[in-house]
Amino acid sequence: MTRQLDKTYSHKEVEVRWYSRWEKYFRPSDGATHPFSMVIPPPNVTGSLHMGHALNNTLQDILCRYKRMDGCSVLWIPGTDHAGIATQNVVERQLAAQGTDRAQLGREKFIERVWKWRAETGSTILSQLKALGVSCDWSRERFTMDEGLSLAVREAFVRLWRDGLLYRAERLINWCPRCKTALADIEVVHEESSGHLWHIRYPIEGESSEWLVVATTRPETMLGDTAVAVHPEDERYQKFIGRKLRLPIVGRLIPVIADPYVDPEFGTGALKITPGHDFNDFEIGQRHGLDIIGIFDDEAKIRASAFAEAGEWLKRYTGKDRFDARKLVVEDLKEEGLLEKVEPYGLAIGQCYRCHTVIEPYSTPQWFVKIKPLAEPAMQAVRDGRIKIIPEGWANSFFAWMENIKDWCISRQIWWGHQIPAWYCTSCESVHLRRNGGDSTSSEFVISPEAKPIVQLEAPSTCDRCGGTQLFQDPDVLDTWFSSALWPFSTLGWPKETPELKTFYPTAVLVTGFDILFFWVARMMMMGLKLMGDVPFRDVYIHALVRDLEGQKMSKSKGNVIDPLDVMGRYGTDAFRFTLAALSAMGRDVKMAEDRVSGYQNFVNKLWNASRFTFMNLDDQDEPLSLENNSIKQLNLADQWILSRLDYTVDQARKAIDGYRFNDYAHHLYQFTWHEFCDWYLEMSKLSLGGKLGNEPQKTRQVLRTVLEQVLLLLHPIMPFVTEEIWQALNQVDGKSSIMVQPYPKSVAGWRQPEVEVQVTFITEIIRTIRNLRSECNVSPGRPVEIFVVDGDRDAIRREQTLKLLRDQEPTIRSLARVSSVEYAGSKSRPKNAITGVVGSTEIFLPVSEAMNLEEEETRLSKEVGKIQVELARAQKKLANEEFLKKAKPEVIDKEKKKAVELEDKIRTVNLSLKRLQELQSQRKD
RNA sequence: GGGCGGUUAGCUCAGUGGGAGAGCAUCGGCCUUACAAGCCGAGGGUCACAGGUUCAAAUCCUGUACCGCCCACCA
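Counting from 1, position 651 in the first sequence corresponds to residue 650 in numbering that gives the first Met the number 0; the numbering is continuous, with no gaps.
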């Protein structure tokens, strides 16, 4: 039975072969002595795989596969997030397309509908993740709305309530008039846009032609103004403080107040105060006891009931949305001659992060988490190193955010999500439960902040205060991020005390993008510490965002989205994964370039072909070398060398992956596999394999097999498919075992031999030099050449060692540099009709051919002399500097001295070659 | 307004105190029996700019310019 691989690697064919056979290895091993656990950042059920997911999950999979091979009991929990607002929006759009809406359906039917949608399409992203090759334990897949996690959410809510960390209050919150729900501060995105600054005259009461001019970007909110504020020390306005202004259009009288918040430099120095629709104004209003007038309803349309002093004007305004109202206000002001001027003005407008509708500050009762008592322990955990943020730079952002954190508004006025486990009694609480009339709002009741909720895990049957049986649940649902915050332990079974929770909490590492550092990571820390009494993860590895070639964030609207599945289909999943790893330098953006993927596809192909070469040469009896401490001195030089380099690579690879330096990991393996193993070792091994070194070819075959196998193991975490395919063929196991569960390479005592590396580097330099000379001499690659070697080392022993090494390695030099004969000349008898190359103290002479362009060569050599002179001068200057000799480290000085000597030698020999060349030139002319 | 990061070869980016690197692209030569998705060779950089610290700076400090990101309630 011989090992065989097809002539070309077909990723499409191979990739479908392995995933289902792997799944049994995705579960943690029994015993779980070295637990290593991670939770996937749950993608939204609405999502499909994008570059961000691909990067995030590739990095996680690399870690998991590495740790699993390295003997850990690995648990990687997958799952999805119910994504409240996003999902509700998707289903609502579907309903709209069918000419209906959620109000017509009613809450219960609507939620049914969402579940149905989720059952149909919610697993799309999971199958896409599988195509990427991720090794999650699918038997433990979770969904933030499944039964267990919903219980965890209620448990968390009840505990926070009992500990006094939850409260209801009516305040100005961020309201999305399209989603018709409150949003947390963090869910508002600020986008620069060009607007206007309107200067409006507010007539002073009792004066016929005097007014105060205010500047505003939102003229429509003037309908809800309850004051105008000026700076207390602003001399221009001293005389107006305390007087009344007549609010244009409405006619309401409002006071001029003094408040230090006002910047006299800005606009006119007079600020209109709308406590009902502006956060600053709200604060100022609180300080001065101003009325709060909510002029809008929940769709941000003018609400008639807001205006006590309704005039004729109100008919035209009622029901108009914010932007229409703005136009009307401006028109009306113009008509009354109260619009002084309009200036263009750039401002950052808050938008809903889900639908990009402009946010309206809106006063409603909401649930809040008292956040400071939770934030402090989380900061402490990062400060004292119980949680390590990698790269460290992000810790600054984390602290900055946590220090300024405000209470978290967690109630949402949507239907898809975890309904808040709070109930109200209609008997004893009736005074606080206003039946909603007039304006359209989504809930049947408006529950005043004074209402006393019954908070518990399950619905109560009777009121524990009055024994009433008419209870109803708070209609609001929780912020999706509330359930996400519990993810590291809710997925392990919390609040039940499961064995998994005991073994795998805290998780080892959380891998995520920085875009959800505050949304998610910080909140997991707070909730984990509060509810579990321990950090949710030891390390947080924050990776870059994937951008397009111009560095732009990929988005559908920009049309610059690259579909990972498309890339995987064209270049192969392994090539794609390798690209992501290679580009993911810490703290940087990843600019996705397709030519990189194509380049790494070539790498996959290279590995494939190196394997084919190996297979061609292996016999069935060729076992790999023992990986125990063993002597490899009996092997030939090339064999010893490749094992030494392999050992170095193993060491570097482990260091890189342990430090989350995925790009270093990829580059070390790329460098070793392609340039050392393929370019040099395979070429060198051909001699030995053919018995041309008078050796036992079997030893080399064993080395070949060993190195290929170790390379496959090292590469497997990044490139699972191709490595499995080759490993299966190499070991002829036909799917009965998997590379996934082989031990990850370890350093082997005795393999690393620096002196062997020095020797082989010398030989490869000699070969390079000869190739270089051939190329300059225009000797065709196929034509063998004769060379002369002179070693000019002044130390006789060293000279003999060098010459012995050259003689020993002569077959290799002859083969790799196409040399027909090597002549060892004495230093006195340097050949005349030749050009020279120098490696250390060794000079290589190649007889010149007619074809050679001597002038080009002369230019090149002169240039080289110049370069060496510059370097030499620098070294000599350093060595002449007393300060340098006094203060520099001894090894640096030694190195510099050695360098100077080498450069002197080199410049002498290059000058000699130059001289010879010039002689040749004059000969040619004759 | 505050904070963070970037500026290194034509392009994309590594490199954080002691001789400027990689991949791709370019140029020249090769179908050498694993691989033309390949092999061999070559060219190419005052490491943004200006100061400073140091025996020594791409690397540390200060400032400037440009680019990017995050946070923020100046209407």
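Each residue gets a CB set at the ideal place from its N, CA and C atoms; glycine is no exception.
Query                                                                                                                                                              : Result
Please report the straight-line C-alpha distance between N616 and T699, rounded to a whole angstrom.                                                               : 10 Å
Tell me whether G147 sits in a helix, a strand or coil according to DSSP, three-state version.                                                                     : helix
Within the continuous alpha helix (DSSP H) that includes M525, where are the two ends?                                                                             : A521 to M526
Which one of R153, Q97, G46 and K66 has the shortest CA to CA distance from T79?                                                                                   : G46
If we count the other Cβ atoms within 10 Å of its Cβ and call it buried at 16 or more, is E499 buried or exposed?                                                  : buried
Whole angstroms is fine: what's the gap from D565's alpha carbon to P742's?                                                                                        : 33 Å
Compare the C-alpha of D258 against each of L270, G250, R251 and E264 and name the closest.                                                                        : L270
According to the neighbour-count rule (16 or more other Cβ atoms, all chains shown, within 10 Å of its Cβ), is C462 buried or exposed?                             : buried
Taking 8 Å as the threshold (C-beta atoms), are L606 and V732 in contact?                                                                                          : no
State the Cα-Cα distance for the pair W17 and Y24, rounded to the nearest angstrom.                                                                                : 12 Å
Check Y8 in the structure and name its three-state DSSP category.                                                                                                  : coil
Between which two residues does the alpha helix (DSSP H) carrying S814 extend?                                                                                     : E809 to A816
Which residue or residues does DSSP assign as beta-bridge partners of L919?                                                                                        : None; L919 has no bridge partner.
Leaving out five residues on either side along the sequence, give the residues of the same chain with a beta carbon under 8 Å from the beta carbon of G310.        : V249 and G250
What did DSSP end up calling Q350 once you bin it into helix, strand or coil?                                                                                      : strand
By the three-class DSSP mapping on this structure, what secondary structure does F787 have?                                                                        : strand
Thinking L171 and F322 are a contact (beta carbons under 8 Å), I'd like their distance in whole angstroms, please.                                                 : Not confirmed; about 20 Å, so no contact.
So the candidates are F109, I272 and L626; which of them puts its Cα closest to the Cα of Y260?                                                                    : I272
Go ahead and label C354 buried or exposed: buried means 16 or more other beta carbons lie within 10 angstroms of its beta carbon, across all protein chains shown. : exposed
Going by the beta-carbon positions, is the gap between I641 and F614 smaller than 8 Å?                                                                             : no
If you drop the 5 nearest sequence neighbours on each side, which residues of the same chain put their C-beta closer than 6 Å to that of D547?                     : M553 and N559
When the Cα atoms are used, what is the spatial distance from T440 to T506?                                                                                        : Residue confidence for T440 is low, a pLDDT of 41 falling below 50, so the modelled location carries little weight; the figure read from the coordinates is stated next. If I take the Cα positions, the gap works out to 43 Å.
What runs of the beta strand (DSSP E), each 3 residues or longer, lie entirely inside the stretch 120-204?                                                         : 165-175, 180-182 and 187-202
Output the distance between the C-alpha atoms of G147 and S489, rounded to the nearest integer angstrom.                                                           : 7 Å
Can you tell which of H195, L902 and F265 has its C-alpha closest to the C-alpha of E870?                                                                          : L902
How long is the line joining the alpha carbons of N56 and T120, rounded to whole angstroms?                                                                        : 20 Å
Let's see if you can read the secondary structure: which residues bound the beta strand (DSSP E) around K387?                                                      : K387 to I389
From M523, E756 and G658, pick the residue whose C-alpha is nearest to that of N635; which is it?                                                                  : E756
Tell me the residue span of the beta strand (DSSP E) that contains W673.                                                                                           : Premise fails: W673 is in no beta strand (DSSP E) and is neither H nor E.
If I follow the unbroken alpha helix (DSSP H) through H230, where does it start and stop?                                                                          : Where H230 is concerned, there is no enclosing alpha helix (DSSP H), given that its DSSP letter is neither H nor E.
Does the Cβ of G689 have 16 or more other Cβ atoms within 10 Å, making it buried, or fewer, making it exposed?                                                     : exposed
Looking at the secondary structure, which residues open and close the alpha helix (DSSP H) in which C63 lies?                                                      : M50 to M68
Would Q3 be called buried (16 or more neighbouring beta carbons within 10 Å of its own) or exposed?                                                                : exposed
Given this structure, state the Cα-to-Cα distance separating G436 from V445, to the nearest angstrom.                                                              : Note that G436 scores 46 on pLDDT, short of 50, meaning its location in the model is unreliable and no value can be drawn from it.
For a test of the three-state rule: what should DSSP assign to T835, helix, strand or coil?                                                                        : strand
Thinking C-beta only, is I283 closer than 8 Å to A214?                                                                                                             : no
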